[in-house]
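Heads up, the thing below is written out as structure tokens.
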Amino acid sequence: MKCAQVRELFGAYWDDETTQAEREALEQHFTACDECRSEYEVFSRTLELMGSLPRTEAAPDLVDRVLARARRVSPAPDRVAGKGLRWVPVTAAAALAVLALVSIAPWFNVTPREGTRPAAPVAVHDPAAITPERSGVHEPAREHGVGASQLARTVISDSLFDHSEDVEFILDPVTLKRGRVRSLAPSTMGVQGERASITF
Amino acid sequence: MGRVAEDEERAFPELVRRYQGRVTNLVSRVLNDRECADDLAQEVFIRVFVHRRNYRRGSKFSTWLFTIAANLAKNEIRRRVRRRNWFSLDALQEVLKDSAIQLADPTEGRESAMEREQLQKAVGHAIATVPEKYRLALVLRDIEGLAYEEIAQVLNIPGGTVRSRINRARSMLKRKIQPLLKREGQP
Numbered sequence: 511m512k513c514a515q516v517r518e519l520f521g522a523y524w525d526d527e528t529t530q531a532e533r534e535a536l537e538q539h540f541t542a543c544d545e546c547r548s549e550y551e552v553f554s555r556t557l558e559l560m561g562s563l564p565r566t567e568a569a570p571d572l573v574d575r576v577l578a579r580a581r582r583v584s585p586a587p588d589r590v591a592g593k594g595l596r597w598v599p600v601t602a603a604a605a606l607a608v609l610a611l612v613s614i615a616p617w618f619n620v621t622p623r624e625g626t627r628p629a630a631p632v633a634v635h636d637p638a639a640i641t642p643e644r645s646g647v648h649e650p651a652r653e654h655g656v657g658a659s660q661l662a663r664t665v666i667s668d669s670l671f672d673h674s675e676d677v678e679f680i681l682d683p684v685t686l687k688r689g690r691v692r693s694l695a696p697s698t699m700g701v702q703g704e705r706a707s708i709t710f
Numbered sequence: 039m040g041r042v043a044e045d046e047e048r049a050f051p052e053l054v055r056r057y058q059g060r061v062t063n064l065v066s067r068v069l070n071d072r073e074c075a076d077d078l079a080q081e082v083f084i085r086v087f088v089h090r091r092n093y094r095r096g097s098k099f100s101t102w103l104f105t106i107a108a109n110l111a112k113n114e115i116r117r118r119v120r121r122r123n124w125f126s127l128d129a130l131q132e133v134l135k136d137s138a139i140q141l142a143d144p145t146e147g148r149e150s151a152m153e154r155e156q157l158q159k160a161v162g163h164a165i166a167t168v169p170e171k172y173r174l175a176l177v178l179r180d181i182e183g184l185a186y187e188e189i190a191q192v193l194n195i196p197g198g199t200v201r202s203r204i205n206r207a208r209s210m211l212k213r214k215i216q217p218l219l220k221r222e223g224q225p
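Just so you know, the protein sequences line up as chains A and B, in that order.
Just so we're on the same page, my numbering is the position in the first sequence counted from 1, plus 510.
Just so we're on the same page, my numbering is the position in the second sequence counted from 1, plus 38.
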């Protein structure tokens, strides 16, 4: 082992982090090289001196001073909790917006007539006379050039019809428990009818 | 530390009492300034108190504590450098010269208490002249006895960098101390 290599290993040798082969090579080198041995003695003496420096004791009143100051300061905000709270208003606003949209959505399908309040849905007992607005591809009323009053009736929301004869219930009350939706109705499998709507 | 984070009243004073010595010694050796070490140690514990809820449970408290202490010590060194009020190399040479004269006194066969004190003072000053980034690693390793891995966490640098910094710091310190030891009669 060359002198330069030996000196590279001084630190590892001091920390006892050399391999056995390195340690043996180093110690063999020291027996033959006075200069490296002398260098290592200075090196180790330096670190011994560092290690033997007297410990600086804390000031006797340090604890009291720290506590006195600590009483006057407030803790920094919890970073984890802070991050969690930031999205709450946004989520709440989004949820409210969705609720509002869902609530008013049925009224957007109604062509308001003068003197008619959109908030007062009218139940029509003859749904067969009216072609529903969202009946799909086929719109016979338009194809045959029906009158304006009849056309106006075609855009009345399907949700305004009285489907009480078609279905057994309008609203199915639900409860939320532990994040799972549970229906209070025993089953909806027995419901008969082509169409059902929920009216608010 | 978990009890401190939960605002248990008696936990924080206990924590300060337990770690005050290590923190004071660390900053004192890094800055070579006893007076400032007290103030800085106080600041370290205040930071611990203020940020107690950000302490990650399961991580080693002393590592977190030393990280705060090392950062504050670094800030202080930089502040002093900016103010050009830091310990100069000339001052170190003066101290070394004084120490060497006393240590070389042939009438003393053994190292007297005064000599030892002078030597320690000189070593303390020599440490303070090692550049900051090497000095912190050196003090954490050779005075506070931290493992290389823990120093890497405290200084937030890779383990290999820690080793190279400590090696360089030791070599620098050895060069500074060597003249003193030769006069002392050491090899």
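Note that beta-carbon positions come from the ideal geometry of N, C-alpha and C, so glycine has one too.
Touch test, the region 107-118 of chain B against the region 57-66 of chain B, Cβ-Cβ under 8 Å, three pairs minimum
yes
Taking Cβ-Cβ distances shorter than 7 Å, what residues in chain A pair up with Lys212 (chain B)?
Val552, Phe553 and Thr556
Please confirm whether Tyr172 (chain B) and Arg206 (chain B) have their CB atoms less than 7 Å apart.
Closer than 7 Å, so yes.
Just the C-alpha distance for Leu219 (chain B) and Met152 (chain B), rounded to the nearest angstrom, thanks.
16 Å
So for Val608 (chain A), helix, strand or coil by DSSP?
helix
Whole-angstrom Cβ separation of Lys112 (chain B) and Leu174 (chain B), contact assumed at under 8 Å?
7 Å
Cα-Cα separation, Asp574 (chain A) to Gly521 (chain A):
Cα to Cα, the separation comes out at about 41 Å.
Could you say which of B:Asn70, B:Arg72, B:Gly197 and B:Ala79 lies nearest to Arg230 (chain B) if we only look at CA atoms?
The displayed coordinates of chain B run from 39 to 225. Any statement about residue 230 (chain B) would go beyond what the structure contains.
Apply the 10 Å Cβ neighbour rule to Thr566 (chain A) and answer buried if 16 or more other Cβ atoms are within range, or exposed otherwise.
buried
Under 8 Å from the C-beta of Arg203 (chain B): neighbouring residues of chain A
Simply none; closest approach about 11 Å.
Nearest neighbour of Lys163 (chain B), chosen from B:Ala185, B:Gly96 and B:Lys212 [CA to CA]:
A quick correction: the sequence has His, not Lys, at residue 163 (chain B). Measuring from the Cα of His163 (chain B), the nearest candidate turns out to be B:Lys212.
Return no unless some Cβ of chain A is closer than 7 Å to the Cβ of Ser97 (chain B).
With respect to chain A, the C-beta atom of Ser97 (chain B) has no partner C-beta closer than 7 Å.
Distance cutoff 7 Å, beta carbons only. Does Asp180 (chain B) sit that close to anything in chain A?
yes
So, at 7 Å on beta carbons, what are the nonlocal neighbours of Asp525 (chain A) in its own chain, with the 5 sequence-adjacent residues on each side left out?
Once the five neighbours on either side are set aside, Asp525 (chain A) has no close Cβ partner at all.
Give the secondary structure of Glu527 (chain A) by DSSP, where H, G and I count as helix, E and B as strand, and everything else as coil.
In the displayed model, Glu527 (chain A) falls within coil according to three-state DSSP, outside both helix and strand.
Please list, in chain order, all residues of the same chain as Glu81 (chain B) whose beta carbon is under 8 Å from its beta carbon, the five residues on each side excluded.
Contacts found: Leu110.
Using a Cβ-Cβ distance cut-off of 7 Å, determine whether Arg582 (chain A) contacts chain B.
Closer than 7 Å: no.
Arg206 (chain B) CB to nearest chain A CB: under 7 Å?
no
Going straight from the alpha carbon of Glu518 (chain A) to that of Ser548 (chain A), what length do you get?
15 Å
Answer yes if the region 87-106 of chain B comes into contact with the region 577-586 of chain A, meaning at least three C-beta pairs across the two stretches below 8 Å, and no otherwise.
Of all C-beta pairs linking the region 577-586 of chain A to the region 87-106 of chain B, three or more are shorter than 8 Å, placing the two stretches in contact.
Taking 7 Å as the CB-CB cut-off, is Ala542 (chain A) touching chain B?
no
Contacts that Gly162 (chain B) makes with chain A (C-beta to C-beta distance below 7 Å):
Leu563
Report all residues from its chain with a CB closer than 8 Å to the CB of Cys543 (chain A); omit the five preceding and five following residues, and keep chain order.
Cys513 and Val516
Closest Cβ-Cβ distance between Ala568 (chain A) and chain B: below 7 Å?
yes
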